[in-house]
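Visitor:
Numbering (our numbering), first residue to last: 146 to 436.
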């Protein structure tokens, strides 16, 4: 192919992208509507399927229940964790042991002080053995205070541990309740009620339809990285012949130019209220003028 002929072909290919003028709306024909998100929902835990709440073709919202796995043991663990936390809170809040140890320490210290004062006035009133016994009792009382405070701190740490265990137990209950991560439609269900599942087993497949991706090619001369986040509208002929328009925004303009077509790949996301727009359709994407 001669150099002139090659550029003639390039020119014809570029005509597939819309005509453009700076500061005006740009049209990108023959763009393809694609899915943004699709998910094969796995079983997070092993167990018996108590409820398969979603069926093929069912529309679901984010956080809707899809599958309920038997959670009876997890609920027992959660109930136990709540009781253990309540006990730990009571222990952590109680200062009876500390106050008792402090009172005993004060009494022992006062008794030692009286004995030392008495011995200083009259040496024979308190023997050295008795004085040593009182000193030992005072030291033990002081250590008892320290121990009581350490035990109270340990009780507070135990309370924090029981709080973590409670949260973990609650999470184990929640993990057996499989919910939708996004609004969409269930297209495949792989399990039925009463089936046993292992972690990672496929439960069902959900596709996101409230927002869809649009992919097309734009003449490089009309493309700019600054166009990202610009408003767009997608015009599509729906099955049945009705033409509909869907708003959205440009999310990606490739910095790489195809050396043969002199075009760049662009992506947009459009809103799909009512899920009337279907992946696989083609249409015309209109990019709002640059600001």
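Note that CB positions come from ideal geometry on N, CA and C, so glycine has one too. Quick caveat: nothing in here was measured; it's all calculated off a predicted structure.
(1) For residue 255 and residue 273, what's the separation of their Cα atoms in angstroms?
(2) Go through its chain and collect everything with a Cβ distance to residue 327's Cβ below 7 Å, but skip five positions before and after it.
(3) State buried or exposed for residue 358, treating a residue as buried only when at least 16 other CB atoms are found within 10 Å of its CB.
(4) Near residue 264, which residues of its chain fall below 8 Å by C-beta distance, leaving aside the five closest residues on each side in sequence?
(5) Can you check whether the CB of residue 185 is closer than 8 Å to the CB of residue 301?
(6) Can you tell me where the beta strand (DSSP E) holding residue 212 begins and where it ends?
(7) When you compare each of 319, 180, 304 to residue 231 by their alpha carbons, which one comes out closest?
(8) Leaving out five residues before and five after residue 290 in sequence, what residues of the same chain have Cβ atoms less than 6 Å from its Cβ?
(9) Assign residue 189 to one of two classes, buried (16 or more other C-beta atoms within 10 Å of its C-beta) or exposed (fewer than that).
(10) Closest to residue 244 by C-alpha separation, out of 332, 261, 296, 197, would be which residue?
(11) Does the Cβ of residue 127 have 16 or more other Cβ atoms within 10 Å, making it buried, or fewer, making it exposed?
(12) Less than 8 Å between the CB atoms is what I'm expecting for residue 237 and residue 310, so what's the real figure, rounded?
(13) Assign residue 408 to one of two classes, buried (16 or more other C-beta atoms within 10 Å of its C-beta) or exposed (fewer than that).
(14) Since residue 345 and residue 177 should fall inside the 8 Å C-beta cutoff, what is the C-beta to C-beta distance between them, to a whole number of angstroms?
(15) According to the neighbour-count rule (16 or more other Cβ atoms, all chains shown, within 10 Å of its Cβ), is residue 228 buried or exposed?
(16) Just list the residues that DSSP pairs residue 330 with in beta bridges.
(17) Can you list, in chain order, the residues of its chain whose CB lies under 8 Å from that of residue 153, leaving out five sequence neighbours each side?
(18) Grab the span of the beta strand (DSSP E) containing residue 217 for me, first residue to last.
(19) Touching or not, the stretch 409-417 and the stretch 372-382, by the rule of three or more beta carbon pairs under 8 Å?
Guide: Reading it off the structure:
(1) Walking along the chain shown from the start, residue 255 turns up at place 110. Walking along the chain shown from the start, residue 273 turns up at place 128. Within the model, the alpha-carbon separation for residue 255 versus residue 273 is close to 17 Å.
(2) As a working mapping, residue 327 is identified with position 182 in the chain shown. Listed in chain order, the non-local C-beta contacts of residue 327 below 7 Å within the same chain comprise 182, 207, 353, local neighbours out to five positions each way being set aside.
(3) Taking the first residue of the chain shown as position 1, residue 358 is located at position 213. With 16 or more other CB atoms across the displayed protein chains lying within 10 angstroms of its CB, residue 358 is buried.
(4) As a first step, residue 264 is located in the chain shown; it is residue number 119 there, counting from the start. Contacts found: 270, 271, 276.
(5) Numbered from 1 along the chain shown, position 156 holds the residue referred to as residue 301. Numbered from 1 along the chain shown, position 40 holds the residue referred to as residue 185. Cβ atoms of residue 301 and residue 185: not closer than 8 Å.
(6) Taking the first residue of the chain shown as position 1, residue 212 is located at position 67. Per DSSP, residue 212 belongs to the beta strand (DSSP E) from 210-214.
(7) To locate residue 231, count along the chain shown from 1; it is residue 86. Of the candidates 319, 180, 304, the one whose C-alpha sits nearest the C-alpha of residue 231 is 304.
(8) Along the chain shown, one-based indexing puts residue 290 at 145. Only 246, 247, 250 meet the Cβ criterion.
(9) Sequence index remark: in the chain shown, residue 189 carries index 44 (1-based). Around the Cβ of residue 189, a 10 Å sphere holds 16 or more other Cβ atoms; the residue is buried.
(10) Numbered from its first residue, the chain shown carries residue 244 at position 99. When only C-alpha atoms are compared, the closest one is 296.
(11) Missing from the structure shown is residue 127; the chain here goes from 146 to 436 and no further.
(12) As a first step, residue 237 must be located in the chain shown, where it is residue number 92. As a first step, residue 310 must be located in the chain shown, where it is residue number 165. The beta-carbon separation of residue 237 and residue 310, rounded to 15 Å, does not stay under the 8 Å limit for a contact.
(13) What you label residue 408 is simply residue 263 of the chain shown in a count that begins at 1. The residue is buried, with at least 16 neighbouring Cβ atoms inside 10 Å.
(14) Here residue 345 refers to the residue found at position 200 when the chain shown is read from its first residue. Here residue 177 refers to the residue found at position 32 when the chain shown is read from its first residue. With a contact defined as Cβ atoms closer than 8 Å, residue 345 and residue 177 miss out at about 32 Å.
(15) Along the chain shown, read from residue 1 onward, the residue named residue 228 stands at position 83. Its Cβ having fewer than 16 others within 10 Å, residue 228 is exposed.
(16) Position 185 of the chain shown, counting from 1, holds the residue named residue 330. DSSP lists 204, 352 as partners of residue 330.
(17) By 1-based counting over the chain shown, the position of residue 153 is 8. Confidence at residue 153 is low in this model, with a pLDDT of 38, below 50, so its placement is unreliable and no value can be given for it.
(18) Taking the chain shown and counting its residues from 1, one reaches residue 217 at position 72. Boundaries for residue 217: no beta strand (DSSP E) harbours it, while the alpha helix (DSSP H) harbouring it runs 217-238, taken from the DSSP string.
(19) Between the stretch 409-417 and the stretch 372-382, the count of C-beta pairs closer than 8 Å reaches three or more; the two stretches touch.
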